[in-house]
Amino acid sequence: MVRRFSDLKKSLKYIQNITWEPGDPVSNAPAGSPLANYQAWMAGNNREIGPRDAGSKTLGLEEVTINPFAVEISPTTAIKVPISKRVLDSATLAGVRTSANVLIGGGIVAPKGFKPAQAVVYLATGTTTSPEPSKITGLKYAKNSTGHSFTVPMGQKTGEIYEKEVQDSVKTAVALLSGEIKTASFKPEIWR
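Residue numbers (the numbering used here): -9 to 182.
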């Protein structure tokens, strides 16, 4: 479950009868409320989010290679990870891919439970926002219509063996990009 819905998930739990057990009928949230919209979405209704914006489509997935942070760099530890063709083919993001230590070719199939560290880069050419309703809760939020996010896998290289060092390199590369709004957020490497 995505963390952004944790409060709604808790609210659904709190509207249940104190003696409620799994398998009992579920109490419904007040009709028309954001909680009711979320409850319907969780039940499998209203799952049709709609078509994606042309600028946010992945255009397919490709494989690239990274050296994970948890192991020492060697030809036998480089791992193949997916990247969207939109990110891979973007000339704008070339510096970010280089800073994230994305390599082309080689690598082994990712072990089960491995998820690479990722940089999520957001770029927007304007600062104008418009109220846009959430497709899940119905609540309105300010959306920048010119903004798009890009997810880039990250790995280590000689001289940059810690995630924080690579994150700093990516932040520097993002700061050099054109656009009025440019941010980078990060997801850690996961081994399960």
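We put the beta carbon where it would ideally sit given N, CA and C, even for glycine.
Buried or exposed for Tyr28, going by 16 or more other Cβ atoms inside 10 Å?
Position 38 of the sequence shown holds residue 28. So Tyr28 ends up on the buried side.
For Glu53 and Ala114, I'd like the C-alpha separation in whole angstroms.
As a working note, residue 53 is residue 63 in the sequence shown. As a working note, residue 114 is residue 124 in the sequence shown. Their Cα atoms are separated by approximately 27 Å.
Unbroken stretches of the beta strand (DSSP E), 3 residues or longer, contained in the region 42 to 92:
51 to 56 and 69 to 74
Taking the C-alpha atoms as reference points, what is the distance between Pro24 and Gly116?
Here residue 24 refers to the residue found at position 34 when the sequence shown is read from its first residue. Here residue 116 refers to the residue found at position 126 when the sequence shown is read from its first residue. Distance between the alpha carbons of Pro24 and Gly116 is about 29 Å.
Sorted by chain position, which residues of the same chain lie with C-beta nearer than 7 Å to Glu170's C-beta, five sequence neighbours on each side aside?
Here residue 170 corresponds to residue number 180 of the sequence shown, with the count starting at 1. Correct list, in chain order: Ala114, Thr115, Gly116 and Thr117.
Just checking: is the beta-carbon of Ser159 within a distance shorter than 8 Å of some beta-carbon in chain C?
Protein chains in the displayed structure number just one, and chain C is not present.
Taking the alpha-carbon of Lys102 as reference, which of Thr127, Val71, Asp(-3) and Ala84 has the nearest alpha-carbon?
Your numbering for residue 102 matches position 112 in the sequence shown. For the residues Thr127, Val71, Asp(-3) and Ala84, the minimum Cα distance to Lys102 belongs to Val71.
Between the region 93 to 110 and the region 166 to 182, do three or more beta carbon pairs fall short of 8 Å?
yes
Residues bridged to Tyr112 [DSSP beta-bridge criterion]
For this step, residue 112 is matched to residue 122 along the sequence shown. Per DSSP, Ser139 and Thr173.
So, does the region 56 to 66 touch the region 75 to 88, judging by three or more C-beta pairs under 8 Å?
no
Given a cut-off of 8 Å, decide if Lys75 and Tyr112 are closer than it, judged by their beta-carbon atoms.
Reading the sequence shown from its first residue, position 122 is the one you call residue 112. Reading the sequence shown from its first residue, position 85 is the one you call residue 75. For Tyr112 and Lys75, no; Cβs fall outside 8 Å.
Quick check on Ser89: buried or exposed, where buried means 16 or more other Cβ atoms within 10 Å of its Cβ?
Reading the sequence shown from its first residue, position 99 is the one you call residue 89. So Ser89 counts as buried.
Please state the DSSP three-state secondary structure of Ala26.
For the purposes of this step, residue 26 is taken as the residue at position 36 of the sequence shown. Ala26 falls in the helix class under three-state DSSP.
Which residues does DSSP pair with Ile98 in a beta bridge?
Here residue 98 is taken as the residue at index 108 of the sequence shown, counted from 1. Beta-bridge pairing links Ile98 to Ile69.
Residue nearest to Val156 in terms of C-alpha spacing, selected from Glu122, Ile98, Val92 and Pro121:
Position 166 of the sequence shown, counting from 1, holds the residue named residue 156. Closest option to Val156, Cα to Cα, is Val92.
Going by CA-CA distance only, name the one from Val77, Lys125, Asn18 and Lys161 that's closest to Pro138.
What you label residue 138 is simply residue 148 of the sequence shown in a count that begins at 1. Checking the sequence, you will find His at residue 138 rather than Pro. Considering only alpha carbons, the answer is Val77.
DSSP state of Tyr4 mapped onto helix, strand, coil
Looking up residue 4 in the sequence shown gives position 14. Reduced to three states, the DSSP call for Tyr4 is helix.
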